[in-house]
Structure formats: C-alpha cells, structure tokens
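Following: one structure in structure tokens, then a few remarks.
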Amino acid sequence: MIPGLKAPSNLKIDFAPSARQYEVWKNLQPECPLCGGNVVQVQNGVDRNGNPTYTSVCEHCGNDNIPQIILGGGAAGGGKSYLGSCWLISSCLRWPDMRMVVARKTLKSLRESTWNTIQSVAKSWGLEEQVHFKINNLSGEMIFWNGSKIIMKEMAYSPSDPDYLRFGSSEFSGGFIDEVGEVDQRGVDVLFSRLRWKVAETTKVPKLFMSTNPCLGWVRDRFVLDENLEPVVCRPNEMYIPFSVYDNPDKNFVNAYVSALYKISDPSVRERLLFGNWLYVDINDAACYWKFDGAKHLVDGLKDSKYDPLKPLVLSFDFNVAPYMSCLMAQIDYENKIVYILEEVLGKPENKENNTPKFAEKIKRLLLGMGHTGGVVVTGDPAGLSRTTTTEDGVNNYTILLSVLKNPQLRPRKKLLSKQPSQITRLEFVNNIFEGYDGWTIQIDLKCRKLIEDLINQRKEMDGSKSKAKVMDAKLGIKVEKYGHFSDTFDYLLVLFLNEPWKKFNATGSSGIVTFTGTPIYGSFEY
Numbered sequence: 004m005i006p007g008l009k010a011p012s013n014l015k016i017d018f019a020p021s022a023r024q025y026e027v028w029k030n031l032q033p034e035c036p037l038c039g040g041n042v043v044q045v046q047n048g049v050d051r052n053g054n055p056t057y058t059s060v061c062e063h064c065g066n067d068n069i070p071q072i073i074l075g076g077g078a079a080g081g082g083k084s085y086l087g088s089c090w091l092i093s094s095c096l097r098w099p100d101m102r103m104v105v106a107r108k109t110l111k112s113l114r115e116s117t118w119n120t121i122q123s124v125a126k127s128w129g130l131e132e133q134v135h136f137k138i139n140n141l142s143g144e145m146i147f148w149n150g151s152k153i154i155m156k157e158m159a160y161s162p163s164d165p166d167y168l169r170f171g172s173s174e175f176s177g178g179f180i181d182e183v184g185e186v187d188q189r190g191v192d193v194l195f196s197r198l199r200w201k202v203a204e205t206t207k208v209p210k211l212f213m214s215t216n217p218c219l220g221w222v223r224d225r226f227v228l229d230e231n232l233e234p235v236v237c238r239p240n241e242m243y244i245p246f247s248v249y250d251n252p253d254k255n256f257v258n259a260y261v262s263a264l265y266k267i268s269d270p271s272v273r274e275r276l277l278f279g280n281w282l283y284v285d286i287n288d289a290a291c292y293w294k295f296d297g298a299k300h301l302v303d304g305l306k307d308s309k310y311d312p313l314k315p316l317v318l319s320f321d322f323n324v325a326p327y328m329s330c331l332m333a334q335i336d337y338e339n340k341i342v343y344i345l346e347e348v349l350g351k352p353e354n355k356e357n358n359t360p361k362f363a364e365k366i367k368r369l370l371l372g373m374g375h376t377g378g379v380v381v382t383g384d385p386a387g388l389s390r391t392t393t394t395e396d397g398v399n400n401y402t403i404l405l406s407v408l409k410n411p412q413l414r415p416r417k418k419l420l421s422k423q424p425s426q427i428t429r430l431e432f433v434n435n436i437f438e439g440y441d442g443w444t445i446q447i448d449l450k451c452r453k454l455i456e457d458l459i460n461q462r463k464e465m466d467g468s469k470s471k472a473k474v475m476d477a478k479l480g481i482k483v484e485k486y487g488h489f490s491d492t493f494d495y496l497l498v499l500f501l502n503e504p505w506k507k508f509n510a511t512g513s514s515g516i517v518t519f520t521g522t523p524i525y526g527s528f529e530y
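Converting from the sequence shown to the numbering used here requires adding 3 to each position, the first position being numbered 1.
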C-alpha cells in the first residue's frame with residue numbers, strides 16, 4: 004500500500020469495447036486468445052551454448068503462437084489510444100506492484116495526448132486523484148494505491164544514444180507505444196526486451212501494444228505490406244489488427260468525426276485518416292522534391308501495364324554499399340513525353356548483394372527472367388567510373404557491371420554524365436518536370452517504395468541542396484544516409500535522358516552531358 008492512498012470500495016468500470024477492440028483486448032490478456040486456456044513455458048530446444056530455450060504454449064489447445072507484440076493500425080478515431088489506456092490501467096488494478104510503460108516519440112506529445120486519455124479513463128472509472136492514485140509530474144508516473152504505476156517514456160532517436168541504452172537497466176511489466184510510426188524500430192525492440200518485471204506471474208509473456216495511423220517505413224514493412232505490397236505474414240508472436248473509425252463504440256463520436264474527415268481537402272490525408280489506406284503517399288512541401296504528388300505521379304501496376312520488353316531499358320545505379328546498392332529501371336516514351344519508372348532493385352547487405360559483381364548478377368537474372376530483348380542502357384553516378392583501391396587499373400563499377408551483364412539478349416551499353424550537375428540546379432529541373440515542364444510527365448510504379456520514401460522525406464538544406472543527414476543503422480552498426488540513394492539515380496536518369504529539356508532549362512545550350520549520337524529509334528536499342 005502507498006501511504007496516503009486507499010483501495011476503491013465501489014469501483015465501477017464501464018468498458019464496452021467494439022468487436023475489433025475486443026479482439027485486441029483478448030490478445031493482451033494472460034490467457035490463450037483462442038480458447039482462454041492457461042499459458043505455460045515449454046522447453047523447445049537448446050541454444051548454441053547448450054542452455055535450454057522455451058516457447059509459450061497453451062495447456063488446453065496447444066496454441067504456440069501467443070501474441071506478444073500487437074499493432075493496432077489504421078484509420079484515425081478507431082479508439083486505439085483509448086484501448087491502450089484502458090489496458091494499462093486495468094493491469095495496474097488487477098495486479099499489485101506492476102510497472103506499465105506508456106511511450107511516444109516525445110514527452111511533450113505524450114503529455115498532450117495519451118497521458119490525458121489515461122487520466123480521463125481513470126476518472127471515468129471512479130478512481131480519484133490523491134485518493135486512489137497520485138501523479139508525480141516530475142518523474143512522469145501515475146502511482147496507484149497498490150504500488151502499481153504507469154510510467155511515461157520518451158522514445159525519440161538520439162545520436163548520442165543510438166542503442167537506446169537509456170532503457171538499459173529498466174524493468175517493466177507491459178507497454179503501450181502510441182503513434183509508433185514516429186518511433187525508430189531499434190527503440191521498440193529495446194523497450195520490448197525490458198518487459199520482464201513480474202511477467203511470469205501476471206501476463207505470462209511480455210505484452211507490447213502499439214498503435215498508429217497508416218505510415219511509410221518499418222511499421223508498414225514489418226506488420227502490414229511487404230516490398231511487393233502484399234499482406235505481411237507476421238513474425239511468430241506478432242500480429243497486426245486493422246482499425247477503422249467505425250470500430251469506435253461511441254457512435255455519436257463516429258458520426259461527428261467522419262463528417263469532419265470527409266471535409267479534408269487533401270486526398271492523401273483523407274485516404275490515410277478516414278479509410279486507413281496504407282498505400283497513401285503524402286506531400287511534403289519541405290522536401291527536396293516539393294512538386295512530387297503521389298496522387299498524380301504514382302500508378303499501381305505501372306510495370307505490368309507499360310513495360311515493353313522490345314524497347315530499351317534504362318538502368319540507373321548508385322554504388323553506395325550502405326544501407327544498400329540501388330538500381331532504378333525506367334523506359335522513356337519520347338513521342339508522348341512520358342518517363343516510366345518501372346521498378347527499383349536493392350542490393351542488400353544481409354543477402355551479400357551490396358557489391359557490384361553480386362548486384363550485377365542479380366540484375367542480370369531479373370532481366371533475363373523478364374524476357375527483356377530491347378537492349379539495356381547503363382547509367383548512374385559518374386563517380387562509379389573511379390577506380391578503387393580494391394580494383395586494378397582500368398576496372399571500375401561500370402566495367403564490372405557491363406562484363407557481368409554482357410549477353411547477346413541484353414546488349415548492355417554505358418551512357419553517363421561527364422560530371423555530376425549541380426544539386427540545386429538539378430533539383431529545380433526535376434521539380435519542374437514533376438510539374439509538367441516542356442510537356443513531360445513522370446509516372447512511378449507504386450512498388451518503388453524506397454524511391455517514394457526519398458521523394459517524400461529527403462529534406463532541403465538552407466542553400467537548396469539535398470540533406471545528407473546520417474543515422475545509425477542498427478543492423479550494420481554504422482551511420483548511413485537514410486534517404487537519397489534512389490532519388491540520386493532518379494536525378495541522373497532525368498538529366499541525362501531528358502537532354503533537350505535540361506538544356507532548355509539551363510538556357511545556355513551546354514549542360515556538360517555526354518549524349519547519344521544519332522537520332523532516336525524507339526523500337527530497338529539506340530536512342
């Protein structure tokens with residue numbers, strides 16, 4: 004018992020969840036969500052040091068996929084934050100000495116939103132502040148009479164603490180992360196690893212509930228849609244439960260809120276918040292590519308409908324090895340002035356593809372599998388011409404690429420910029436092309452996810468150039484540029500292959516570009 008506080012005598016908990024909320028609620032309880040049976044730990048093997056390993060299994064039905072990390076995602080107003088708040092408080096009432104954690108990117112946003120919801124729920128259930136619970140604003144805790152507490156935590160990424168060592172000695176009983184799309188994946192994994200306080204005798208397994216509206220990034224990749232935009236098969240002990248605004252049991256709120264959401268003029272925001280559309284793409288006026296508009300420039304199934312295996316295919320490369328090597332595939336319709344960005348290919352370090360020979364082999368297999376016969380033009384970063392300390396004289400990234408791609412069916416050729424054009428000038432040019440400069444149109448396949456993330460998220464510096472800010476990559480253990488790899492390949496492609504508009508845009512007639520000789524021939528290999 005906490006001095007000065009007492010247990011409530013006539014507690015009335017008025018909690019009537021919707022069907023969707025109840026689905027989450029069942030999976031947050033210590034019992035098996037399928038049959039309500041008791042969950043026990045069963046040895047399933049040994050680790051490399053010979054120590055026994057265990058898995059959680061239902062004694063009654065044998066279910067061994069007991070949810071531990073649950074994402075409630077989708078439209079705004081579905082009652083996700085309310086549900087998380089109810090679960091935190093009910094856990095503190097159910098068991099003494101619990102340490103439940105509520106987290107968001109910043110304490111400021113947490114105090115202004117979720118923390119208010121938690122206090123509102125507590126009071127609506129008949130709990131009185133300074134009688135049944137007290138709040139310590141200094142430490143950010145709600146402390147109940149039985150010693151249980153809800154603890155606020157900030158999860159913003161800090162360059163001085165990339166491994167989230169701030170959670171190092173913490174012990175929590177369960178957690179709720181609101182708006183998890185704002186949070187780094189590494190932070191979520193570290194926080195989950197700290198859910199260990201009194202877990203065995205209460206929730207049986209660690210329980211972490213997360214909520215978010217549709218967003219790009221790791222949350223979508225891990226729980227919702229894979230790189231082919233197909234539904235993700237979640238990892239063992241993880242699950243995704245979609246929400247809509249109609250899953251909120253308060254029908255008066257739903258009617259008023261839906262009416263407000265329909266009045267949103269921005270279609271991408273409306274799709275995201277009202278319909279819970281994970282395929283939405285936002286517009287970012289502060290980004291380098293401020294004229295990019297997902298509603299206008301993105302096309303679902305573009306490659307399937309527009310790719311022509313008999314026409315030349317442009318491959319634009321960026322040779323940075325971390326976090327991945329990049330290749331953008333495109334075809335250009337000069338008659339109708341349309342650039343088709345068909346596919347992006349990543350050379351991932353985890354697959355040992357982030358080196359030129361292996362990456363080139365991957366591209367070659369892909370092209371031959373596509374049955375491409377129209378020829379290939381290789382372009383990209385002019386810096387790829389430089390010899391490295393690991394290659395002999397006369398060998399560079401492009402010579403390696405061409406030697407691997409050399410095939411009678413593919414007939415690869417190299418065409419490059421003589422030097423990198425000014426970032427500021429080429430950004431202005433690309434944004435003008437996005438807006439329809441000289442009658443040109445850009446269409447991008449919706450599956451080009453990394454390119455889309457670059458176009459939305461890469462920010463401008465004060466001088467108008469691209470921000471090359473680095474973040475710590477948890478897998479590689481080094482700092483990498485998070486955005487900008489595919490957008491660079493995109494720039495090189497447009498500046499080189501839209502040569503006439505580029506020269507017109509510069510108004511000097513000289514762009515420093517090495518151009519093709521001869522006239523364009525659209526049905527074969529030469530431009």
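Beta carbons: idealized from backbone N, C-alpha and C, even for Gly.
Note to self: Pull the bridge partners of residue 362 from the DSSP assignment, please.
What the structure shows: Beta-bridge pairing links residue 362 to no other residue.
Output yes or no for whether 7 Å exceeds the beta carbon distance between residue 363 and residue 407.
yes
Checklist entry - Using 8 Å as the threshold, is the stretch 297–317 in touch with the stretch 441–461, meaning 3 or more CB pairs across them? => result yes
Check your understanding: Counting Cβ pairs, one atom from each stretch, are 3 or more of them under 8 Å apart for the stretch 61–74 and the stretch 29–42?
Key -> yes
Review point. Between residue 200 and the rest of its own chain, which residues show a CB-CB distance below 7 Å, the 5 nearest in sequence each way excluded?
Key: 102, 174, 175, 176
Please report the straight-line C-alpha distance between residue 108 and residue 188, rounded to a whole angstrom.
12 Å
What did DSSP end up calling residue 182 once you bin it into helix, strand or coil? coil
For residue 215, the nearest candidate out of 344, 294, 80, 235 (CA to CA): 80
Does the Cβ-Cβ distance between residue 374 and residue 314 come in under 7 Å?
no
- Between residue 75 and the rest of its own chain, which residues show a CB-CB distance below 6 Å, the 5 nearest in sequence each way excluded? 27, 83, 214, 244, 246
- prompt: In three-state terms, what does DSSP make of residue 492?
  reply: helix
At what residues does the alpha helix (DSSP H) containing residue 274 begin and finish? 270–276
| task | Return no unless some Cβ of chain B is closer than 7 Å to the Cβ of residue 203. | result | Going by chain labels, chain B is absent from the structure shown, which holds only one protein chain.
Checklist line | Neighbour-count burial assignment, residue 211, 16 or more Cβ in a 10 Å radius | finding: buried
Beta strand (DSSP E) containing residue 331: first to last residue? 328–336
Is there contact here, the stretch 125–142 with the stretch 223–235, by at least three beta-carbon pairs under 8 Å?
no
Inset, instruction - Determine the direct distance from the alpha carbon of residue 254 to that of residue 21, and round the result to whole angstroms. - result: 11 Å
- Task: Report, in whole angstroms, the separation of the C-beta atoms of residue 531 and residue 171, which I expect to be a contact under 8 Å.
- Result: Outside the displayed range of the chain (4 to 530) lies residue 531, so it cannot be described from this structure.
Worksheet item: Going by the beta-carbon positions, is the gap between residue 106 and residue 180 smaller than 7 Å?
Response: yes
Once DSSP output is grouped into helix, strand and coil, what is the label at residue 371? helix
ask   = Pick from 482, 30, 476, 436: whose alpha carbon is nearest that of residue 494?
value = 436
Q) Is the Cβ-Cβ distance between residue 385 and residue 441 less than 7 Å? A) no
Within the continuous alpha helix (DSSP H) that includes residue 197, where are the two ends? Unbroken run through residue 197: none, as it is neither H nor E.
- Query: With distances taken from CA atoms, which of 292, 486, 257 is nearest residue 453?
  - Reply: 486
- Task: Give me the Cα-Cα distance between residue 463 and residue 13, rounded to the nearest whole angstrom.
- Result: 58 Å
Within 10 angstroms of its Cβ, does residue 49 collect 16 or more other Cβ (buried), or is it exposed?
exposed
Hey, quick one: how far does the beta strand (DSSP E) through residue 170 stretch, first residue to last?
It is not in any beta strand (DSSP E) - residue 170 carries neither H nor E in the DSSP assignment.
- Below 7 Å CB to CB, which residues in the same chain sit around residue 57 once its five sequence neighbours on both sides are set aside? 44, 45, 46, 47
Item to complete: Please work out which residues of its chain come closer than 7 Å, Cβ to Cβ, to residue 268, disregarding the five sequence neighbours upstream and downstream, and give them in chain order.
Response: none
Quiz item: Measuring CA to CA, which of 421, 329, 420 is closest to residue 352?
Solution: 329
>> Can you give me the C-alpha to C-alpha distance between residue 29 and residue 236, rounded to a whole angstrom?
In response: 20 Å
- request: Buried or exposed for residue 88, please, with buried defined as at least 16 other CB atoms from any protein chain shown within 10 angstroms of its CB.
  value: buried
request  = Find the nearest neighbour of residue 184 within the set 196, 165, 204, 220, judged by alpha-carbon distance.
outcome  = 220
Practice prompt. Measuring alpha carbon to alpha carbon, tell me which of 413, 500, 417 ends up nearest residue 433.
Written response: 500
Hey, how far is the Cα of residue 270 from the Cα of residue 327?
-> 32 Å
Considering residue 157, what are the terminal residues of the beta strand (DSSP E) in which it resides? 152–157
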